[in-house]
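Notes follow the structure.
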Amino acid sequence: MFITVIFLISSSNAAIIDFEPDYGYAPDIDGEIDRSKKEWENASKEVINLLGSSPTDKGIPIKLWVMQNGSNLYISVQFDLENHQPQEFIAILISNSEATSNESFVDAKILQFTDLGIGRDNYNYFDYYMVNEKLFRDTEFNGEAAAKLDDNEIIYEFRIPVNNSDDDNDVFLDFGETYAFKIVYGEFAEYPASFKKSNIVLIDIEYPPKEKENEWILIHNILCVIIFSGLGGLFAFYTYKIIFIKKKIRRVKE
Amino acid sequence: MPKFKKEPKKKTKSKKNLPRDKLILKSVKISAILAGIFLVLSLFFNGTEWFFEGIIIKYIKREIYWEILDNTIKVGVILLAFFFMMISLGNYKELTGKPVKLKEILFLLGLSLIQTIRSLIVFIFTLIGLFAILFYLYLIQES
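Protein chains in written order, with our numbering: chain A, 74 to 327; chain B, 143 to 285.
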């Protein structure tokens, strides 16, 4: 895990953190972090503030967790609020490069609640594409999201495909490239009018780890076969010696 | 000519020793069987790819307590295999009238440690355990 703080300025169009996510086991996208399954254990974890347009806005401090595997990028957003809004949402806007200008963001993944805190916490996942800051719904939804409210803490989980999207409406997240991601908090389902607070991070899409690990496991396996075969052979020899020990004892006594 | 023929001393001694020899041989066999059982268990717990992660955390729950139990089992089977093998070898050597040599103990020690190839934690705790067993066996041996 390696996180670099690039800019400490609070400009709304500047990325504050560069994530270099580690590879790990895919977490279940269910709005819950199951620690018994070591979910999100390998994630790069950072706390950032989602800021509003007002310079005096204290913002919402969120825990932002990022991890990856060979086919997906996983992002978890967690925060505490005393009053969650029924139509609260978290949107993840994806830039087609490292650029953080508003026009650069061309893809949006949104988890939208419909009755948070007052009903059964129903939500929908939407996949949008963006042109000149306007959002249009994709014909095909790629990725997945889920969220769960527990007391005042809410956990959002997103799965975004990497290196395998055929959808022209989605940003093709390529290995070895860095992309800007804007995390947006809003309180009613009108985009982008309801984008209330946000912040931008950079995420490097890492190449899959080299095959060295697999080679090492293979070497381990071969060594284990040799070692335990050797031990078995020695034990068999010892058993043979025990079987014929009576003769030896007789010889010793004579 | 004496009235009663004296039995040869050697034969009498051999008769007296016979039950003890049988007892030791029994101990050699039972200890070797137990060592063999624990060696097979060690093969499953320490040697196979199936249980690379640990059989318990793989099939029961991935939690720290279960991981500790898993590693304890891995260390335990190696130590028990070593313990019974040492007893078996010691008794075997006693039957043949020779003491267990240092190089034989070191050889067994090496064979036990080599089973920990997959895990550093298991290696460290096995090493500590092996020395503890050797110290215990040293203390209880007849002077």
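Even glycine gets a Cβ: it sits at the ideal position worked out from N, Cα and C.
- DSSP places residue 274(B) inside the alpha helix (DSSP H), whose first and last residues are 262-282.
- Residue 272(B) sits away from residue 231(B), with the two beta carbons spaced by 8 Å or more.
- A check of alpha carbon separations from residue 155(A) across 195(A), 218(A), 189(A) identifies 189(A) as the nearest.
- In the DSSP annotation of this structure, residue 154(A) is not part of any alpha helix (DSSP H), being labelled neither H nor E.
- Across the region 246-265 of chain B, CB contacts with chain A closer than 8 Å involve 253, 256, 257, 259, 260, in sequence order along the chain.
- Using a Cβ-Cβ cut-off of 9 Å, residue 222(B) is close to nothing in chain A; its nearest Cβ partner there is about 14 Å away.
- CA-to-CA, the gap between residue 215(A) and residue 243(A) works out to about 8 Å.
- Distance from the CA atom of residue 248(B) to the CA atom of residue 275(B), rounded to whole angstroms, is 13 Å.
- If the five residues before and after residue 178(A) are omitted, its C-beta is found closer than 7 Å to the C-beta atoms of 166, 167, 168, 203, 255, all from its own chain and listed in chain order.
- Residue pairing by DSSP leaves residue 217(B) without any beta bridge partner.
- Closest option to residue 259(B), judged by alpha-carbon separation, among 312(A), 314(A), 316(A), 298(A): 298(A).
- It is roughly 14 Å from the alpha-carbon of residue 318(A) to the alpha-carbon of residue 165(B).
- Exclusion of the five residues before and after residue 233(B) leaves 166, 169, 170 as the residues of its chain whose Cβ lies within less than 6 Å of its Cβ.
- Secondary structure note for residue 268(A): its beta strand (DSSP E) is the uninterrupted segment 268-277.
- Interface flag for residue 317(A) against chain B is unset, since no Cβ pair is found closer than 8 Å.
- Interface residue (Cβ-Cβ distance to chain A less than 8 Å): residue 281(B) is not classified as such.
- Along the region 272-293 of chain A, going in chain order, the ones with a CB nearer than 7 Å to a CB of chain B are 293.
- Non-local C-beta neighbours of residue 227(B) in its own chain, meaning closer than 7 Å and more than five positions away in sequence, comprise 177, 250, ordered along the chain.
- As the crow flies, the alpha-carbon of residue 137(A) is around 35 Å from that of residue 264(B).
- Uninterrupted beta strand (DSSP E) stretches at least 3 residues long and entirely within the region 209-240 of chain A occur at 217-223, 226-234, given in chain order.
- In this model, residue 142(A) and residue 247(A) are separated by some 13 Å (Cα to Cα).
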